[in-house]
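Novice:
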Amino acid sequence: MKNIIMTIFLSVWALCCLGQKMLNGVSLASKLLEEVPSTKLSVVQASLDSKKKAAGLPVTSKLVSNERTKIYRLNGSEDVVRMISLTHRESLNNWESEVGTFIETFAPKDGGMERYVETIKGDDFEAVSFFTKSSFRGKDSYALYRNKAKGIALFIVYMTNASDDVRIANMRNIIKDLKIE
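Numbering (my numbering), first residue to last: 55 to 235.
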């Protein structure tokens, strides 16, 4: 009896807290992105860190690929895109609050710096792209992406040394081209 109660409790807890799909539970399709095999992650990491150090920017946290996180290359460039599935229900059900929290955390307006925020909507998704312009912290751009019909929310990190205009255009194109199957 105790085991049955514990099983029910854990099942309900998992549904409430870990209700979103993981990346290994869906198929991501994009003409703009090519998934980096896990055997090549160290090479991509070294290249990315070298470019960031040369530009005087902080190095990237370790690149990993697993059931929640996938690493991609933007076709025709050395730019890297990290997609992370958000597994808590708030990312789908309390979207505005989640977006606000992520923007404040990852695109602060330190010292009067300008923040870029763009909402992008499609037939089956909505997303918000954001970053701090000319930030001393780096040139990474971020996006929150949600597809309620497929039951998935993603945190996207676009790692590049490109100008603000290129970052804006590339992130917009990545988001619009992304298909979840």
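Backbone N, C-alpha and C define an ideal beta-carbon position, used for all residues, glycine too.
Look at Leu184 and Tyr196 and say whether their C-beta atoms are less than 7 Å apart.
Specialist: To locate residue 184, count along the sequence shown from 1; it is residue 130. To locate residue 196, count along the sequence shown from 1; it is residue 142. Checking the displayed sequence, the identity of residue 184 turns out to be Phe instead of Leu. Cβ distance < 7 Å, so Phe184 and Tyr196 count as in contact.
Novice: For Val171, I'd like the list of residues in its chain whose CB is within less than 6 Å of its CB, leaving aside the five on either flank, ordered along the chain.
Specialist: By 1-based counting over the sequence shown, the position of residue 171 is 117. The answer, listed in chain order, is Phe184.
Novice: For a quick check, are the C-beta atoms of Asn120 and Glu88 less than 7 Å apart?
Specialist: Taking the sequence shown and counting its residues from 1, one reaches residue 120 at position 66. Taking the sequence shown and counting its residues from 1, one reaches residue 88 at position 34. No. Outside cutoff.
Novice: Tell me the DSSP secondary structure of Asn201 in three-state form.
Specialist: By one-based count along the sequence shown, residue 201 stands at place 147. Reduced to three states, the DSSP call for Asn201 is strand.
Novice: For Ser145, I'd like the list of residues in its chain whose CB is within less than 8 Å of its CB, leaving aside the five on either flank, ordered along the chain.
Specialist: Counting from one through the sequence shown, the residue named residue 145 turns up at place 91. Only Gln74, Glu152, Leu198, Arg200, Ala207 meet the Cβ criterion.
Novice: Which stretch, first to last residue, makes up the alpha helix (DSSP H) that contains Val118?
Specialist: Your numbering for residue 118 matches position 64 in the sequence shown. Unbroken run through Val118: none, as it is neither H nor E.
Novice: I'd like to confirm the pairing. Which residues does DSSP put opposite Leu82 in its beta bridges?
Specialist: As a first step, residue 82 is located in the sequence shown; it is residue number 28 there, counting from the start. According to DSSP, which records beta bridges pairwise, Leu82 is partnered with Ile234.
Novice: Identify every run of the beta strand (DSSP E) within the segment 120-185, keeping only runs that are complete inside it and at least 3 residues long; order them along the chain.
Specialist: The segment 120-185 contains these whole beta strand (DSSP E) runs: 123-128, 134-139, 169-175.
Novice: Given a threshold of 16 other Cβ atoms within 10 Å of its Cβ, counted over all protein chains shown, does Asn148 qualify as buried or as exposed?
Specialist: For the purposes of this step, residue 148 is taken as the residue at position 94 of the sequence shown. Answer is exposed; the Cβ neighbour count stays below 16.
Novice: Check each candidate in Val90, Arg143, Leu111, Ala161 and name the one with the smallest Cα separation from Thr123.
Specialist: Position 69 of the sequence shown, counted from the first residue, corresponds to residue 123. Closest by alpha carbon: Val90.
Novice: Determine the direct distance from the alpha carbon of Asn227 to that of Ala161, and round the result to whole angstroms.
Specialist: Mapped onto the sequence shown, residue 161 falls at position 107. Mapped onto the sequence shown, residue 227 falls at position 173. Using only the alpha carbons, I get a separation of about 20 Å.
Novice: Excluding the 5 residues flanking Ile234 on each side, which residues of the same chain have their C-beta closer than 7 Å to its C-beta?
Specialist: Within the sequence shown, residue 234 is the residue found at index 180, counting from 1. The residues are Val80, Leu82, Asn201, Lys204, Ile206.
Novice: Give every residue of the same chain whose Cβ lies closer than 7 Å to the Cβ of Met167, excluding the five residues on either side of it in the sequence, and list them in chain order.
Specialist: Your numbering for residue 167 matches position 113 in the sequence shown. Closer than 7 Å at Cβ, skipping near neighbours: Thr186, Lys187, Ser188, Ser189.
Novice: Would you report the Cα separation of Arg141 and Ser92, rounded to the nearest angstrom?
Specialist: Start at 1 with the first residue of the sequence shown, and residue 141 comes out as number 87. Start at 1 with the first residue of the sequence shown, and residue 92 comes out as number 38. The residue you asked about is not Arg; residue 141 is Thr in the sequence shown. Whole-angstrom Cα-Cα distance: 22 Å.
Novice: Hey, out of Asn78, Gly154, Leu232, Ala108, whose CA is closest to Gly176's CA?
Specialist: Start at 1 with the first residue of the sequence shown, and residue 176 comes out as number 122. Nearest C-alpha to Gly176: Leu232.
Novice: Could you tell me the alpha carbon to alpha carbon distance between Arg127 and Gly165, rounded to whole angstroms?
Specialist: Working through the sequence shown from its first residue, we reach residue 127 at position 73. Working through the sequence shown from its first residue, we reach residue 165 at position 111. So the two alpha carbons sit approximately 32 Å from each other.
Novice: Can you give me the start and stop residues for the alpha helix (DSSP H) that Val98 sits inside?
Specialist: Here the question's residue 98 lines up with position 44 in the sequence shown. Where Val98 is concerned, the enclosing alpha helix (DSSP H) stretches over 95-108.
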